[in-house]
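Just so you know, the sequence shown maps onto residues -9 to 97 in our numbering. Even glycine gets a Cβ: it sits at the ideal position worked out from N, Cα and C. Report on one structure; see the data block that follows.
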Amino acid sequence: MINKKERTIELYKLVGAEMRLFRTLGGNLAIHMPQVLLSTDTDKFMRVLQKIDEVRSRAEDNMFHDHPEVSNDYLNVFYGDLNHEPRTPVDAEVMAKAKEAADVLFK
-9 MINKKERTIE
1 LYKLVGAEMR
11 LFRTLGGNLA
21 IHMPQVLLST
31 DTDKFMRVLQ
41 KIDEVRSRAE
51 DNMFHDHPEV
61 SNDYLNVFYG
71 DLNHEPRTPV
81 DAEVMAKAKE
91 AADVLFK
């Protein structure tokens, strides 16, 4: 982990955007994988998603620890999907960053 001074709120928003993108894809896979895998393999994948959820919870905890001045608008940095209307201006910003991250993957 980099030092606290370098863990800016902008960095947390970028990581949150990438996490949302990753988790959205994981959710889609959770729907489609059972169609091509045995339940034992699907269960393994679901456990991986649970671990990812634990990691993003820790990332959120770190963000609020590093930046206690931020408002509750930042509760959605690591959570939420990309298919709904943003709930806050911060949510909209993170969603836009997630779209940018996805676009980079296809260049």
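Neighbourhood of residue i by C-beta distance below 6 Å, restricted to the same chain and skipping five residues each side
i: TYR64; result: VAL80
i: ARG46; result: MET9, PHE68
i: LYS34; result: none
Cβ distance (whole Å) where residue i is taken to contact residue j below 8 Å
i: MET85; j: ALA49; result: About 17 Å separates the two Cβ atoms, so there is no contact after all.
i: ALA20; j: LEU1; result: Actually they are not in contact, since the Cβ atoms of ALA20 and LEU1 sit about 28 Å apart, beyond 8 Å.
Same chain, Cβ closer than 7 Å to residue i, five either side skipped, listed in chain order
i: LYS3; result: VAL67, GLU83, VAL84, LYS87
i: PRO76; result: ALA82, MET85
i: PRO24; result: THR32
i: MET(-9); result: none
DSSP state of residue i mapped onto helix, strand, coil
i: THR14; result: helix
i: HIS55; result: helix
i: HIS74; result: coil
i: PHE105; result: Residue 105 cannot be examined here, being either before or after the span of the chain that is shown, -9 to 97.
i: ILE42; result: helix
i: ILE(-8); result: coil
i: THR(-2); result: coil
i: VAL60; result: coil
i: LYS87; result: helix
i: VAL80; result: helix
Own chain partners of residue i with C-beta closer than 8 Å, once the 5 adjacent residues on each side are dropped
i: VAL60; result: ILE(-1), MET53, PHE54
For residue i, the nearest candidate out of the options (CA to CA)
i: ASP71; options: GLY17, VAL5, ARG(-3); result: GLY17
i: ALA91; options: ILE21, MET36, LYS34, GLY6; result: GLY6
i: HIS74; options: LEU95, ILE21, ASP33, THR14; result: THR14
i: ARG(-3); options: LYS89, ASN62, PRO58; result: PRO58
i: LYS41; options: PHE12, HIS22, ASP56, ASN62; result: PHE12
i: LYS(-6); options: LYS97, ASP56, LEU28, MET36; result: ASP56
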